[in-house]
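In my numbering, the protein residues as written are 1 to 96. Beta carbons: idealized from backbone N, C-alpha and C, even for Gly. Only one structure is covered here, and it is reproduced in the block below.
Structural data, given as structure tokens:
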């Protein structure tokens, strides 16, 4: 099955914040983060059911080289990216 990817506005903001954080350190680091994110999205799109459910039918995929988690759910043929968060920073995790 060919899945579509939908990224919610909150997740887009999370991604932008992470890119800015890494860009402030080094532009190449920011570029590497974006590549890692896109690689993870490709894996999710290819086989979204291969990642475990963590809570409330939300699955989680960790980026390969960065400590960020992509939280997503599957609705029919659409993968909805709900949250992109750092795995060890304190955050108010929205449970959907």
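Assuming residue i is part of the beta strand (DSSP E), what are its boundary residues?
i, result
"residue 3", "From DSSP, residue 3 is part of no beta strand (DSSP E); its letter is neither H nor E."
Among the options, which has the Cα closest to the Cα of residue i?
i, options, result
"residue 68", "46, 35 and 56", "35"
"residue 10", "72, 88 and 77", "72"
"residue 63", "47, 76 and 33", "33"
"residue 5", "27, 17, 88 and 38", "38"
Going by DSSP, what residue range makes up the alpha helix (DSSP H) through residue i?
i, result
"residue 45", "27 to 46"
Determine the contact status of residue i and residue j, defining contact as a CB-CB distance below 8 Å.
i, j, result
"residue 59", "residue 66", "no"
"residue 81", "residue 70", "yes"
"residue 53", "residue 79", "no"
"residue 41", "residue 84", "no"
Residues bridged to residue i by DSSP?
i, result
"residue 78", "4 and 75"
"residue 55", "58"
"residue 68", "86"
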